[in-house]
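Student: Right, I'll just put the structure down here and ask away after.
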Amino acid sequence: MKHSHDDLWDAVSAAHPTQFPDNAEAELTNPFDEFVKLSVKERKERFVSSRYAAQLCNVTRRTIQYWVEKKLIVAVRIGKKNQVDLRSLEAYQKKCADKLDAS
């Protein structure tokens, strides 16, 4: 069953309410330490692959990688792959939407 971008984003937003600062780095000085402290279940709920994050945002994986490189969103490098923190992704998307609404 295919889901639209909005359906996926609404589902993630409902499951992961945003309580994240505007600057994602402010709260997480070391995202890897935070990642390791979580149970496997909590990790799966809070962190997603860059591929899935790209699907949620309707952008390419390269865009997600760029956001991580520029520290616009928080991700943890596990092996060769990034695990993106959904809270930081949602906070960044909200910040971008607020900027668009303000203009």
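Numbered continuously in my numbering, the sequence shown closes out at residue 104.
Ideal Cβ positions, reconstructed from N, Cα and C, are used throughout, including at glycine.
Suppose you measure from the CA of Ser51 to the CA of Asp99; what does that come to, to the nearest Å?
Tutor: Here residue 51 corresponds to residue number 50 of the sequence shown, with the count starting at 1. Here residue 99 corresponds to residue number 98 of the sequence shown, with the count starting at 1. For Ser51 and Asp99, the distance between alpha carbons rounds to 23 Å.
Student: What are the start and end residues of the alpha helix (DSSP H) that includes Ile65?
Tutor: Here the question's residue 65 lines up with position 64 in the sequence shown. Segment 62-70, the alpha helix (DSSP H) holding Ile65.
Student: Buried or exposed: where does Phe33 fall if 16 or more other Cβ atoms within 10 Å of its Cβ makes it buried?
Tutor: In the sequence shown, residue 33 corresponds to position 32, counting from 1. Answer is exposed; the Cβ neighbour count stays below 16.
Student: Quick one: is Arg78 buried, meaning 16 or more other Cβ sit within 10 Å of its Cβ, or exposed?
Tutor: For the purposes of this step, residue 78 is identified with residue 77 of the sequence shown, where counting begins at 1. Classification for Arg78: exposed.
Student: For Val37, does the three-state DSSP call read helix, strand or coil?
Tutor: On the sequence shown, position 36 is the one that residue 37 refers to. Of the three classes helix, strand and coil, the one that applies to Val37 here is helix, per DSSP.
Student: Determine the DSSP secondary structure at Ser104, reduced to helix, strand or coil.
Tutor: Locating residue 104 in the sequence shown gives position 103, counting from the first residue. Here Ser104 sits in coil by DSSP.
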